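**Student:** Numbering (the working numbering), first residue to last: 28 to 702. Idealized CB from N, CA, C, for every residue including glycine. In this text, all values refer to a predicted model and were calculated from it rather than measured experimentally.
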RNA sequence: GCCACUGUAGCUCAGCGGUAGAGCAGCGGUUUCGUAAACCGCAGGUCCUGGGUUCAAGUCCCAGCAGUGGCUCCA
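1. Residue 194: buried (16+ other C-beta within 10 angstroms of its C-beta) or exposed?
2. Answer yes if the segment 565-574 comes into contact with the segment 430-442, meaning at least three C-beta pairs across the two stretches below 8 Å, and no otherwise.
3. Can you give me the start and stop residues for the beta strand (DSSP E) that residue 321 sits inside?
4. Can you check DSSP and say which residues form a bridge with residue 473?
5. Just how far apart, CA to CA, sit residue 558 and residue 539?
6. Can the beta-carbon of residue 587 be found less than 9 Å from the beta-carbon of residue 563?
7. Between the Cα of residue 354 and those of 369, 186, 342, spot the shortest distance and give me the residue it belongs to.
8. Under a Cβ-count criterion, where at least 16 other Cβ atoms within 10 Å of its own Cβ denotes burial, should residue 263 be classed as buried or exposed?
9. Return the chain-ordered ranges of every beta strand (DSSP E) run that is complete within the segment 220-244 and spans a minimum of 3 residues.
10. Let me confirm a value: residue 179 is counted as buried when at least 16 other C-beta atoms fall within 10 Å, else exposed. Which label applies?
11. Starting from the Cα of residue 565, find the closest Cα among 339, 405, 440 and give me that residue.
12. Would you call residue 202 buried or exposed, if buried means 16 or more other Cβ atoms sit within 10 Å of its Cβ?
13. Given a cut-off of 9 Å, decide if residue 442 and residue 427 are closer than it, judged by their beta-carbon atoms.
14. Please confirm if the segment 478-485 is in contact with the segment 525-538, defined as three or more CB-CB distances below 8 Å between the two stretches.
15. Start and end of the beta strand (DSSP E) containing residue 458?
16. Pick from 584, 245, 614: whose alpha carbon is nearest that of residue 297?
17. What's the C-alpha gap between residue 103 and residue 187?
18. By a C-beta neighbour count over all protein chains shown, 10 Å radius and 16 as the cutoff for buried, is residue 337 buried or exposed?
19. Which residues mark the beginning and the end of the beta strand (DSSP E) in which residue 538 is found?
20. By Cβ distance below 7 Å, which residues in the same chain neighbour residue 243 in space, the five residues on each side in sequence not counted?
21. Which runs of the alpha helix (DSSP H), 4 residues or longer, sit entirely within the segment 345-375?
22. Does the beta-carbon distance from residue 656 to residue 596 come in below 9 Å?
23. Under 8 Å: do the segment 600-607 and the segment 301-314 share three or more Cβ pairs, one atom per stretch?
24. Nearest-angstrom Cα distance between residue 150 and residue 278?
25. Which term fits residue 224, buried or exposed, when burial requires 16 or more other beta carbons within 10 angstroms of its beta carbon?
26. Let's see if you can read the secondary structure: which residues bound the beta strand (DSSP E) around residue 379?
27. Since residue 527 and residue 251 should fall inside the 8 Å C-beta cutoff, what is the C-beta to C-beta distance between them, to a whole number of angstroms?
28. Looking only at its own chain, which residues have a Cβ that is under 6 Å from the Cβ of residue 473, when we skip the five neighbours before and after it?
29. What is the residue span of the beta strand (DSSP E) that residue 506 lies within?
30. When we look at the beta-carbon of residue 683 and count the other beta-carbons within 10 Å, is it buried (16 or more) or exposed?
31. Contact between the segment 610-625 and the segment 684-701: three or more CB pairs below 8 Å?
32. Distance check for residue 674 and residue 614, CA to CA, integer angstroms please.
33. Looking only at its own chain, which residues have a Cβ that is under 7 Å from the Cβ of residue 695, when we skip the five neighbours before and after it?
34. Out of 646, 327, 627, 498, which one is the CA nearest neighbour of residue 636?
35. Tell me the DSSP secondary structure of residue 153 in three-state form.
36. Does DSSP classify residue 551 as helix, strand or coil?
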């Protein structure tokens, strides 16, 4: 598994009303730097399987080579940062400092809290050092000498890494630290390499630029706390993040992309488009959905319900409170009781707000005797669960305390599992198709090194994981597998999407579970008259409705396709005397019977405010309303509307009937935004 | 929960020891307009909350609350 995300020249950007596209960040070859295999010490003794190995690069201009060069530059920039910090604060201790997508970071232990002022100072120092044309000198040391040297320099974290390297070899260290920058020669760890930049010496695999002057444009961005080796029991270091690109232009372009990402941030658009709000009195992580936001939710829920109906799903309803006993039996209690909202009844009974629905659904299964003839049973509902997330984790609609799920549980014969998973996959495909969203597929496996985090035997886990793998293969899917991401009761197929700031969020999920049926002793009567154990599938299509809304708002930058737009058309009368005709147009649109519209026809409004026509158009534009229908004397006389799209395109006047045919078709087919 | 930063009008922000400001939005009036901002006027603020320093605190200090970016977590 890769432990460092190699930098790559692409930045994903969503464009409104279109398939997600990849926008190329322009990378120019830039100044010639040490990329040739025969050049300088900095590329010496690089292992041939190293992804950054220049020997593997087919040509100096290839994208792979550009990537490798950027990666090297970013990595060297991290060292430059450390060198600068070291010069300013000689007592600083260093953790790990890898290259990451778009830049680098370095973890530093230092008494002085690093704020913006300090970042400025550090950045200035970095520029100073860069200009000194410091060579990046590689040297190799026997590991015991290395430990002694780092101990002499009081670099306790480096000593810790070296000792781990010595004992375990590099792979284990890389996996644990997320840093791949240390090298062991061969399987053991007899020798390690160092890089010297000015006075600063760092344990590092390399490769690096030959000279600091080869580092392109960089900018320190932020500082954050990060636990040493990712473990919250360890001390927290200060992690300084920076951007690094080949040229000033590239850096500037990237900063502009970040600004664009901010503009499409759902938290900002949610306020501007009046979709949802937060209230200090209600509390953090508890979004309030306005009429417009609620309409979008209802449309999404309606869509998914319609898709699953042909697959035999039936609706159920459960209370949002339960006795704790339910979760004690399910096995959740031990693991999650601290993350539940607890409620006390009058008589002192202990309840909690439900953090999930599966245990309740098992009780619907169990409420009467089931026959193999009844299976599969597919219980579904759109309902909320409540989780007491740590405050620092909350984030707009992406991470909330009341999560609305389009949840369902399928109880079936073990031999029906694959077919049911395929049906769920069908629903997911059908649902996501109109959005043109790029979803990544992940098979979430258990972590066999931590079996106590999970219920069930190793054999059971391996078998269920293989069952999901079979589904993915049959589907022709491309997926990644990740250990430790499974639910405690079983493996999952997870579908994730990225938000405007490039953070991944889980949306749809298919989870296989042989554990809960056992814990709740669920049985059906098999053909032989004996009780048998059903299998259970958990699934969600949108995942969390709130999170899905967040991703969707950013995906479309707020410009929803017509079928999802809270207001689909604004009629703009040119002067007051056209208000009456405008009202007629709206009445006609609203009276239509349109599929996928939740009743009420086309959602149209008159803008009869006392503004100029231009201002009304601007207002509709800012609200990202797909259609503006301008009506003046000519349109009123001829029963027409002058159609303008939010793209700015003017479709000119057309008979109202023609517009109706157009918009109705778009809504009913859930087609994407008009161009 | 941890680290850093931020909190001034509905929104975006300026002011950074000495009488609270702008643009947009809102309200009132004038204008009735052909595809992204007509004009004039009015109103609007315990400067997040609570303590402290000071003759004087949006402004400095402390604590809390909330938000932002990370870390940890994410059934």
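**Tutor:** A quick look at the data gives this:
1. Position 167 of the first chain, counting from 1, holds the residue named residue 194. Counting Cβ neighbours within 10 Å, residue 194 comes out exposed, since fewer than 16 surround it.
2. yes
3. Residue mapping note: residue 321 aligns to position 294 of the first chain, counting from 1. Careful: residue 321 lies outside any beta strand (DSSP E), inside the alpha helix (DSSP H) at 318-335.
4. Residue mapping note: residue 473 aligns to position 446 of the first chain, counting from 1. Paired residues: none, contrary to the question.
5. The residue you call residue 558 lines up with position 531 of the first chain. The residue you call residue 539 lines up with position 512 of the first chain. In a straight line, the C-alpha of residue 558 is about 21 Å away from that of residue 539.
6. Position 560 of the first chain, counted from the start, is the residue given in the question as residue 587. Position 536 of the first chain, counted from the start, is the residue given in the question as residue 563. Taking 9 Å as the Cβ cut-off, residue 587 and residue 563 do not qualify as a contacting pair.
7. Indexing the first chain from 1 puts residue 354 at position 327. Of the listed residues, the one whose Cα sits closest to residue 354 is 369.
8. In the first chain, the residue the question calls residue 263 occupies position 236. By the neighbour-count rule (16 or more Cβ atoms within 10 Å), residue 263 is not buried but exposed.
9. 227-230
10. Translated into positions along the first chain, residue 179 becomes position 152. So residue 179 ends up on the exposed side.
11. Counted from its first residue, the first chain places residue 565 at position 538. With distances taken between Cα atoms, residue 565 lies closest to 405.
12. Taking the first chain and counting its residues from 1, the one referred to as residue 202 is at position 175. Per-residue confidence for residue 202 stands at a pLDDT of 38, beneath the threshold of 50, marking its modelled position as unreliable; the derived number appears in the next sentence. Residue 202 comes out exposed.
13. Stepping through the first chain from its first residue, residue 427 is reached at position 400. Stepping through the first chain from its first residue, residue 442 is reached at position 415. It is not a contact, given that the beta carbons lie outside the stated cut-off.
14. no
15. Taking the first residue of the first chain as 1, we reach residue 458 at position 431. First-last for residue 458: 444-459, but that is the alpha helix (DSSP H), not the beta strand (DSSP E).
16. Counting from one through the first chain, the residue named residue 297 turns up at place 270. When only C-alpha atoms are compared, the closest one is 584.
17. Reading the first chain from its first residue, position 76 is the one you call residue 103. Reading the first chain from its first residue, position 160 is the one you call residue 187. Straight-line Cα distance between these residues: approximately 22 Å.
18. In the first chain, counting from the first residue as 1, residue 337 sits at position 310. Flag for residue 337 reads exposed.
19. Counting from 1 along the first chain, the entry for residue 538 is found at position 511. Unbroken beta strand (DSSP E) run through residue 538: 531-540.
20. By one-based count along the first chain, residue 243 stands at place 216. Hits under 7 Å: 57, 100, 271, 272, 273, 274.
21. 352-357, 359-363
22. In the first chain, counting from the first residue as 1, residue 656 sits at position 629. In the first chain, counting from the first residue as 1, residue 596 sits at position 569. Cβ distance < 9 Å, so residue 656 and residue 596 count as in contact.
23. no
24. Position 123 of the first chain holds residue 150. Position 251 of the first chain holds residue 278. Looking at the two C-alpha atoms, the distance is approximately 15 Å.
25. Position 197 of the first chain, counted from the start, is the residue given in the question as residue 224. So residue 224 counts as buried.
26. Translated into the one-based positions of the first chain, residue 379 becomes position 352. Residue 379 -> beta strand (DSSP E) spans 377-380.
27. Residue mapping note: residue 527 aligns to position 500 of the first chain, counting from 1. Residue mapping note: residue 251 aligns to position 224 of the first chain, counting from 1. With a Cβ gap of about 19 Å, residue 527 and residue 251 do not count as contacting.
28. Along the first chain, read from residue 1 onward, the residue named residue 473 stands at position 446. Cβ within range, chain order: 481, 488, 513.
29. Here the question's residue 506 lines up with position 479 in the first chain. Per DSSP, residue 506 belongs to the beta strand (DSSP E) from 506-510.
30. Translated into positions along the first chain, residue 683 becomes position 656. Looking at its Cβ environment, which holds 16 or more other Cβ atoms inside 10 Å, residue 683 is buried.
31. yes
32. As a first step, residue 614 must be located in the first chain, where it is residue number 587. As a first step, residue 674 must be located in the first chain, where it is residue number 647. When rounded, the distance between both Cα atoms is 25 Å.
33. Residue mapping note: residue 695 aligns to position 668 of the first chain, counting from 1. Result list for residue 695: 621, 622, 623, in chain order.
34. Here residue 636 refers to the residue found at position 609 when the first chain is read from its first residue. It is 646 whose Cα lies nearest to the Cα of residue 636.
35. For the purposes of this step, residue 153 is taken as residue 126 along the first chain, with counting starting at 1. Helix, per DSSP.
36. As a first step, residue 551 is located in the first chain; it is residue number 524 there, counting from the start. It is a strand residue.
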